[in-house]
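Here's the structure, in structure tokens; my notes come after.
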Amino acid sequence: MPDFLPNIEGDLGRFTESKPVLIVNPDGTLSIGSGPAPDGYQVTPSDTVDLPQPIRGLRVGAAGDVRFVSLTGQERVFPAAQVGERIEVGMTRILATGTTAANLFGFV
1 MPDFLPNIEG
11 DLGRFTESKP
21 VLIVNPDGTL
31 SIGSGPAPDG
41 YQVTPSDTVD
51 LPQPIRGLRV
61 GAAGDVRFVS
71 LTGQERVFPA
81 AQVGERIEVG
91 MTRILATGTT
101 AANLFGFV
């Protein structure tokens, strides 16, 4: 069944299908979830420090590239992310070097 989500541009809204997501539990085990993220926080990029909690997606507030470490430990670059775009990849670190996007918000 579709979830109803408000449109960030202020329209009446849009329908989206819930997608399964990989969740990293506090004890390090993995589980599958769907629906909205239960929480989130502002992300500060760092080349040396992991995120306080792995995220399952990232919203971009100011356009640019996002360089990150995935849940599998691979360094990746999401080029030319646009304002309001959500990158739906699990991440353990957002790297400062190579990240030009700003105002980043992580979903846990």
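Quick note: the sequence shown, position 11, residue 11 per full-length UniProt numbering, numbers continuous. Ideal Cβ positions, reconstructed from N, Cα and C, are used throughout, including at glycine.
Original post:
How long is the line joining the alpha carbons of Phe78 and Leu104, rounded to whole angstroms?
Top reply: Within the sequence shown, residue 78 is the residue found at index 78, counting from 1. Within the sequence shown, residue 104 is the residue found at index 104, counting from 1. Distance between the alpha carbons of Phe78 and Leu104 is about 13 Å.
Subject >> Buried versus exposed, by CB contacts within 10 Å (16 or more), Thr99 >> reply: Along the sequence shown, one-based indexing puts residue 99 at 99. Under this definition Thr99 is a buried residue.
Subject >> Reduced DSSP secondary structure (H/G/I, E/B, other) of Pro38 >> reply: Position 38 of the sequence shown, counted from the start, is the residue given in the question as residue 38. Pro38 falls in the coil class under three-state DSSP.
Original post:
chain B beta carbons: is any one of them nearer than 7 Å to that of Asp47?
Top reply: Given the protein chain composition of this structure (a single chain), no chain B is represented.
Original post:
Smallest Cα separation from Arg76: which of Ala37, Asp39, Thr97 and Pro26?
Top reply: Within the sequence shown, residue 76 is the residue found at index 76, counting from 1. The shortest C-alpha separation from Arg76 is found at Thr97.
Original post:
Taking DSSP as the reference, what is the three-state secondary structure of Pro79?
Top reply: Translated into the one-based positions of the sequence shown, residue 79 becomes position 79. If DSSP states are grouped into helix, strand and coil, Pro79 belongs with the strands.
Subject >> From Gly90, Phe107 and Ala102, residue whose alpha carbon lies closest to that of Gly73 >> reply: The residue you call residue 73 lines up with position 73 of the sequence shown. Residue Gly90 is the option with its Cα nearest to Gly73.
Original post:
Who are Ala102's beta bridge partners in DSSP?
Top reply: Translated into positions along the sequence shown, residue 102 becomes position 102. Looking at the DSSP assignment, Ala102 forms a beta bridge with Ala62.
**OP:** State the DSSP-derived secondary structure class of Thr44, mapped to helix, strand or coil.
**Re:** The sequence position of residue 44 within the sequence shown is 44, counting from 1. Of the three classes helix, strand and coil, the one that applies to Thr44 here is coil, per DSSP.
Original post:
According to the neighbour-count rule (16 or more other Cβ atoms, all chains shown, within 10 Å of its Cβ), is Pro54 buried or exposed?
Top reply: Along the sequence shown, one-based indexing puts residue 54 at 54. With 16 or more Cβ atoms within 10 Å of its Cβ, Pro54 is classed as buried.
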